[in-house]
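First up is the structure itself, then whatever we jot down about it.
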Amino acid sequence: MKEFKGRVVCPGTASAPALVSHGGFNTLASFQSALMFGDKKVKCGDQNNSDIYKKPMFNTALCLPETIGSTTGGMILYTAAALGKAPACMLFSKPIDSLAASGAILAANWTDNAMPVIDSLGEEFLNYVKDGMTINVSEDGTITIEE
Numbered sequence: 069m070k071e072f073k074g075r076v077v078c079p080g081t082a083s084a085p086a087l088v089s090h091g092g093f094n095t096l097a098s099f100q101s102a103l104m105f106g107d108k109k110v111k112c113g114d115q116n117n118s119d120i121y122k123k124p125m126f127n128t129a130l131c132l133p134e135t136i137g138s139t140t141g142g143m144i145l146y147t148a149a150a151l152g153k154a155p156a157c158m159l160f161s162k163p164i165d166s167l168a169a170s171g172a173i174l175a176a177n178w179t180d181n182a183m184p185v186i187d188s189l190g191e192e193f194l195n196y197v198k199d200g201m202t203i204n205v206s207e208d209g210t211i212t213i214e215e
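Per my numbering, the sequence shown starts with residue 69, numbered consecutively.
Encoded structure:
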């Protein structure tokens, strides 16, 4: 078991299996199929992200360095949460960008499906965590990883 401490962007607790992307996470490309065509497993639709392409994102601990791509990213995160298709939590190794933060904060305040979001966990976090490891998120931004 290993612990990491990050900055709380959206508070909350979660326990979920890890889904790890080492490349930038394109929010629009990743969620587009799930939001437009009703994919209930919310499989990642971003073919440029070989780490998680076609893997289910719903109810996972989405571990990533940063988001990239469209300025619609925040609204996509909010919409995924509003429709009950969001990850259990989002964990960033780098500081979160303003677009992703806005979507997560809107989801936390305007939906019943808010997800904890922690950033600034560091490169060691992203290098350590592997798909399927159990991630536990605490209110104070502590991430515990079980193998």
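Using N, Cα and C, we set each Cβ at its ideal position, and we do this for glycine too.
Range covered by the beta strand (DSSP E) that runs through residue i
i      : result
Ser161 : Premise fails: Ser161 is in no beta strand (DSSP E) and is neither H nor E.
Ala86  : Ala82 to Val88
Asp187 : Val185 to Asp187
Beta bridge counterpart(s) of residue i as assigned by DSSP
i      : result
Ala175 : Answer is none; Ala175 lacks a bridge partner.
Glu71  : Thr212
Pro124 : Lys111
Leu103 : Leu103 is not bridged to any residue.
Val77  : BP columns for Val77 are empty, so no partner.
Residue i - containing alpha helix (DSSP H), residue span
i      : result
Glu214 : Glu214 -> not in any alpha helix (DSSP H); beta strand (DSSP E) instead, spanning Thr210 to Glu214.
Ile144 : Gly141 to Ala150
Asn195 : Glu191 to Tyr196
Assigned secondary structure, residue i (DSSP; H/G/I helix, E/B strand, else coil)
i      : result
Ile136 : strand
Selection from the options that minimises the alpha carbon distance to residue i
i      : options                          : result
Leu151 : Thr140, Asp114 and Asn181        : Asn181
Gln100 : Ala84, Asn127, Ala86 and Gly137  : Gly137
Gly80  : Glu191, Ile203 and Val185        : Val185
Pro133 : Trp178, Ala148 and Asp165        : Asp165
Lys162 : Glu71, Thr212, Cys131 and Asp119 : Cys131
Ala156 : Gly141, Phe72, Met104 and Pro85  : Pro85
Glu207 : His90, Gln115, Met183 and Val88  : Met183
Gln115 : Ala129, Phe93 and Asn127         : Phe93
Asn177 : Met158, Tyr146 and Tyr196        : Tyr146
Beta-carbon proximity check, residue i vs residue j, cutoff 7 angstroms
i      : j      : result
Ile173 : Thr95  : no
Lys153 : Ala102 : yes
Below-7 angstroms beta-carbon distance, residue i vs any chain B residue
i     : result
Phe99 : In summary, chain B is missing from the structure at hand, where a single protein chain is found.
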